[in-house]
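Undergrad: Residue numbers (this note's numbering), protein chains in the order written: chain C, 1 to 257; chain W, 1001 to 1598.
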Amino acid sequence: MSISFKTLIKSLIILAIGFISLLVTLVRMPVSSSFAGGQRIESSSYGLSVYQPSGSTLFTITPLNDYFYDGQAKEHLENKLLQSGNGNLFSEAVLDIENVVFNKDGLLWKTKGLNSKGGSSVSYSVESSNGGIKITRGINLQKVEPTAIGQVFTICSDCMVTDNTNRAYFNGDTVNSDLINIALKANKVPTIIGENQSFPAGITKIIIIGRDGKEKMSMPVAGETIYLQDKWHLLEFKTPVAKAKTENVSQVIYLAN
Amino acid sequence: MLTDFFAAISFYLIPYLTGRFFTRKTFLAWIIGAFLWFPLYFIVSFIALKTGNFSLIIRYLAIGVSLLSVLNILRQFLKERPKLDLKEIAPYTFLVLFTAGVYFLIWKRSTPYPLQLNWDIYEHITLSNLISQGRLSAFTTNISDTFTFNSYSPLFGILLSLPKIIFQRSLIGIYWWLEYWQYLLTAIASYLLAKRIFKDRSLAIFSAVLSSLTFESVVAYTVFFLIPQTLAVLIAVLAAYELMDYKKIFLLITAIVIFLMHYIVGPLCLVFLVCLYLAPRVPLSLKRLNLLITAAILFLAGALGLHFLGRWNILSIEEASHFDFTIYQKAGFILDWYGIFLAFALIGIFAILRNKSYSQKIFLILALGVFGISFAPFSYFLKFYVLGHYLTNVIIVAGIAFLVSNFSKVLKTVSFIFLTLVMLLTFYNNQLMYKGPLHFQNYVTQISYGELQAAAWLSSHNKNGNDFLISDPSLQYILEANSGVDTQGGVYTNLNTRKALESINGSYNTQFIKSELLSIKDSLPKDQNLNRKVLFAVGGRYFAWQELPQSQKESSFYNIWAPKDITSTEQNYINFLKNSKQFKLLYENRQIAIFEVI
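(1) Could you round the C-beta distance between A1537(W) and L1479(W) to whole angstroms and report it? I think they count as a contact, below 8 Å.
(2) Around the Cβ of M219(C), are there at least 16 other Cβ atoms within 10 angstroms (buried) or fewer (exposed)?
(3) Compute the Euclidean distance between the alpha carbons of N1482(W) and L1115(W), then round it to the nearest angstrom.
(4) By the 10 Å Cβ neighbour count, where 16 or more other Cβ atoms means buried, how is W1603(W) classified, buried or exposed?
(5) Quick one: does F1325(W) have its CB under 9 Å from some CB of chain C?
(6) Establish whether the CB of N1406(W) and some CB of chain C are separated by less than 9 Å.
(7) For G113(C), does the three-state DSSP call read helix, strand or coil?
(8) Might you give, ordered along the chain, the residues of its own chain that have their beta carbon closer than 8 Å to the beta carbon of P1267(W), omitting 5 neighbours on each side?
(9) Could you give the first and the last residue of the continuous alpha helix (DSSP H) run that contains Q197(C)?
(10) Quick one: grab the DSSP three-state call for A1240(W).
(11) Going by the beta-carbon positions, is the gap between L1192(W) and L1155(W) smaller than 9 Å?
(12) Which runs of the alpha helix (DSSP H), 4 residues or longer, sit entirely within the region 1402 to 1456 of chain W?
(13) Along the region 1417 to 1450 of chain W, where does the CB come closer than 7 Å to a CB of chain C? Name the residues.
(14) For a minimum of 4 consecutive residues, which ranges assigned as the alpha helix (DSSP H) are wholly contained in the region 1185 to 1250 of chain W?
(15) Is it right to say T988(W) is buried, meaning 16 or more other beta carbons lie within 10 angstroms of its own, or is it exposed?
(16) So with Cβ pairs under 9 Å, would you call T1214(W) a contact of chain C?
(17) So is M160(C) buried or exposed if we call it buried at 16+ other beta carbons inside 10 Å?
(18) For F59(C), write down the residues that DSSP places opposite it in a beta bridge.
(19) Beta-carbon separation of L1382(W) and L1364(W) under 9 Å?
(20) Can you tell me where the beta strand (DSSP E) with I1598(W) in it begins and where it stops?
(21) Locate the beta strand (DSSP E) running through R137(C), then write down its first and last residues.
(22) If you follow the alpha helix (DSSP H) that K185(C) is in, where does it begin and where does it stop?
(23) If the criterion is Cβ atoms closer than 9 Å, does the pair Y1041(W) and I1058(W) meet it?
(24) Identify the contact partners of F1344(W) in chain C, using a Cβ-Cβ distance below 7 Å as the criterion.
(25) Between D230(C) and chain W, is the shortest Cβ-Cβ distance under 9 Å, so that the two count as touching?
(26) Just the Cα atoms here: how many angstroms apart are L1586(W) and I1594(W)?
(27) Would you kindly work out how many angstroms separate the C-alpha atoms of F1139(W) and R1532(W), rounded to a whole number?
(28) Tell me, please, which residues DSSP counts as bridged to D1467(W).
(29) Could you tell me which residues DSSP pairs with N248(C) in its beta bridges?
(30) At the level of alpha carbons, what is the spacing between L1577(W) and F1468(W)?
(31) Name the chain W residues that come within less than 9 Å of D212(C), Cβ to Cβ?
(32) Using a Cβ-Cβ cut-off of less than 7 Å, list which residues of the region 136 to 163 of chain C approach chain W; keep chain order.
(33) Answer with yes or no whether the minimum CB distance from G1506(W) to chain C is below 9 Å.
(34) What are the boundary residues of the beta strand (DSSP E) that includes N171(C)?
(35) Which stretch, first to last residue, makes up the alpha helix (DSSP H) that contains S1069(W)?
(36) Using DSSP's beta-bridge definition, name the partner residues of Y1587(W).
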């Protein structure tokens, strides 16, 4: 079968327009949002937010709240966000193709910022994992080799932090009789801890519940130290890491339907 | 669900069967039927002023006329025994399967019956509900205060009320099916248009496929939404197919129906039809045609260039100012809708300029003109792109036709499949972006089952028609449409109502809340019922609306587009109202609590 030069040129034009169109479509794909079950995950210039099916925020993560530990010293991964987005065109396109081909709900959000020690870059990648979502923080600190990373979740304002041993946690300065009553009604044991006091050892799961006692999400605990700052709804998972300028830490979250 | 399926068909079938007495042309029969039902409604409404059984008369009339017409068709069929041409039917069968696949597997994938993705339908449902009760006027603004501008006659509402009156059902489920038929018909219209221009069946089918994968997700909404502007253009495009065979009286009727269907898009359709009608009668030399094409290209360039001088809001409606897009935003829309398939349109222009096809040159002039008008820097002009959809599609196909003209059958098929897949991905991305803000639980929707249940409860509560509902604009809009309970303006509620609602935000003074709510009245004097029972609906949407900035609360452009559950904090406010003496809880579910103001 021979193809004339004219046919070849015309075929190439069709292929070129088709492929460029495909590329334009992939680049314009809304990778700034993804879905896990019925829950929407969305990136903004500030952080990554996961929404409840009702439309209100379930939790948010941002390098402005996350910590790195250098010995006893503790500091936010970034005090100032210089740049954030869903990566460059190539990484977006690769992620899009992966999502479409493998029917995944991946999402990538990258930031560049500053802390008191110098520049830092943090990437947050979200992927499905055994019925939950796995959020991996890829951290690059220019001048520090941290000993631990504090993965911080800003949880829903009307939610309550409980664990697999049926404790409900509060800070002393924010707890009130209403909250205690709600915890008791949900068959939880109210437990008061300080902002710098870690949760008791032996916990295997953190469960976030609504004020109606219904589970909203859960997070397995495997060696992390957990802190609560109820005033700002911050829940921290401190994970020890080997000293290096580049770190990868992750947390799995199971979202209740 | 099955009843709604048949009810949706009746939207097309009853006008067709009515017009079938006068012509055997399918589209013309529908147009004549639509034309006849318009004055008929007014006449019956006048007669029923005394007897009060408007709906009953219309019902028997529609059923009677339809039965007679079916008998007439059967008689003709038995007499003539026409043979079925399978080759002729095959493209339609393919289009039914293809559009059903795209519609139900992609577009409505997470929007099960009867949930919706078209925000505009609720005002049409409200209008049709009132029309089905015999409330008629030449001006929609006189029928309901949901309408603040007369951009079309009640013709669309009249046709939509036919299935409601005959089947005695809520229109929301009927609409779920109706929009599939609209989608299929737009594909068929594109097929017929391309068939007439290119005289090539495979190109025509490909044209229909491309058309059905191009969704103008802003302002125009050609393929998926059944609203007056899209129906007006669909009628015009289908009429264009058989226009040359119409008698003068039928031409006039077609023009009237298109104009009544939409006062803004309709006239552009009429210019389009007049041009098509006159083109063969006033033959122009090829040289003159090419000159006209050059003029149309200059017009388009001028319309786009005008963006650099400014943008103009020609309608004095606040909402219109939000549809005043920059040239870069419009370029973004084009990329979302077409990818870079408009590059084929450039090749199409080149190909049409080179060839000697009179009809293709006429189409090119019209396409360039309509594109220029649609993308001119005037607010709402993008609406004209409903017609542009079909014309641009033809020019894109002309470009592809030029490229594949000397291809073998196999290579041509491979090219069509490749381009269809690319366009399918473009469409997939486009519809994902459109649906982005509409996620609720596991659905993609603008209305929830909870809200529909609340509407059903409201409907049963409002048996004497004295209920008057107050809530945030979006809840008013969907609840009025689905329950028939009157509200002040629905989503187009006026500034006084918005300010009254804003003033009670976060207030724990129930006497104050009550007095502010009672100050809200329907804008139409005839709907200002003195014996009214004022209901106050608060829900997830209401609280979300109250959290908007003041400027957005005072604008009809900003709404809570997707349903929202009541959070536990919001439940505290509901509990507070429950415990007050001024509010009596009548109904409650996870998304809405309805109180009577006492």
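Here a beta-carbon is modelled for each residue, glycine too, at the ideal position from N, C-alpha and C.
TA: Taking the definition as stated:
(1) 6 Å
(2) buried
(3) 12 Å
(4) Nothing can be reported for residue 1603(W): it is not among the residues displayed for chain W, which extend from 1001 to 1598.
(5) no
(6) yes
(7) strand
(8) F1259
(9) Per DSSP, Q197(C) belongs to no alpha helix (DSSP H) and is neither H nor E.
(10) helix
(11) no
(12) 1409 to 1435
(13) F1418, L1419, V1422, L1425, T1426, N1429, L1432, M1433, G1436, H1439, F1440, Q1441 and N1442
(14) 1201 to 1212 and 1228 to 1242
(15) Outside the shown range of chain W, which is 1001 to 1598, sits residue 988(W), and nothing can be said about it.
(16) no
(17) buried
(18) V50(C) and I155(C)
(19) no
(20) Note, I1598(W): premise wrong, no beta strand (DSSP E); not H, not E.
(21) G132 to L141
(22) S177 to K185
(23) yes
(24) I17
(25) no
(26) 6 Å
(27) 25 Å
(28) K1533(W)
(29) G138(C)
(30) 18 Å
(31) S1568 and Q1571
(32) D158
(33) no
(34) R167 to N171
(35) F1054 to E1080
(36) I1594(W)
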